[in-house]
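Student:
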Amino acid sequence: MLHLNDIPAKEFLPGLFGKMLHGESSTLGVWEIRKGAVIPEHSHVNEQITYITEGELQMTIGGKTTVFGPGNVQVIPPNVPHSGLALTDCRVIDSWTPVREAYR
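Residue numbers (this note's numbering): 753 to 856.
1. Identify every residue that forms a DSSP beta bridge with residue 812.
2. Please classify residue 846: does DSSP put it in a helix, a strand, or coil?
3. Enumerated in chain order, which unbroken segments of the alpha helix (DSSP H) with a length of 4 residues or greater are wholly contained in the stretch 754-820?
4. Determine whether the beta carbon atoms of residue 847 and residue 801 lie at a separation below 7 Å.
5. Anyone know if the C-beta pair for residue 789 and residue 773 falls short of 7 Å?
6. Flag this pair as yes or no: are the beta carbons of residue 771 and residue 759 separated by less than 7 Å?
7. By DSSP's criteria, residue 827 is part of a beta bridge. Which residues make up the other side?
8. Excluding five sequence neighbours on each side, which residues of the same chain lie with their C-beta closer than 6 Å to the C-beta of residue 797?
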């Protein structure tokens, strides 16, 4: 058994701190994102499910821009370009399937 506090955080981009847990076929990421942090547009072969637990995160997914707040969830299909901008400090949970190899 693990506790989230036992997983070290890594700064993946300026202001984007993540804790990753990998299973056989999926990855779970728990993020702390600082206000003003930018997640550049990217895409990947993984299906992604994003859940905002705190703060406001502006995301552009497939060309459509939306501001997400606490309780908002979104499925991002594989290979769809997406980006983000933290309008406030945020906490976000992402899951990816298959395993997000870039975060190993």
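Cβ coordinates follow ideal geometry from the N, Cα and C atoms, glycine included.
From a predicted model like this one, the values you see are computed outputs, not experimental measurements.
Tutor: Looking at the coordinates:
1. Position 60 of the sequence shown, counted from the first residue, corresponds to residue 812. Beta-bridge pairing links residue 812 to 817, 835.
2. Numbered from 1 along the sequence shown, position 94 holds the residue referred to as residue 846. Note: residue 846 maps to strand in three-state DSSP.
3. none
4. Here residue 847 is taken as the residue at index 95 of the sequence shown, counted from 1. Here residue 801 is taken as the residue at index 49 of the sequence shown, counted from 1. In this structure, residue 801 lies closer than 7 Å to residue 847 by Cβ.
5. Residue numbering aside, residue 789 sits at position 37 when the sequence shown is read from its first letter. Residue numbering aside, residue 773 sits at position 21 when the sequence shown is read from its first letter. Their beta carbons are not under 7 Å apart, which means residue 789 does not touch residue 773 by this criterion.
6. On the sequence shown, position 19 is the one that residue 771 refers to. On the sequence shown, position 7 is the one that residue 759 refers to. Closer than 7 Å, so yes.
7. As a working note, residue 827 is residue 75 in the sequence shown. The partner list for residue 827 (beta bridge, DSSP) reads 801.
8. Position 45 of the sequence shown holds residue 797. Within the same chain, residue 797 has close Cβ partners 830.
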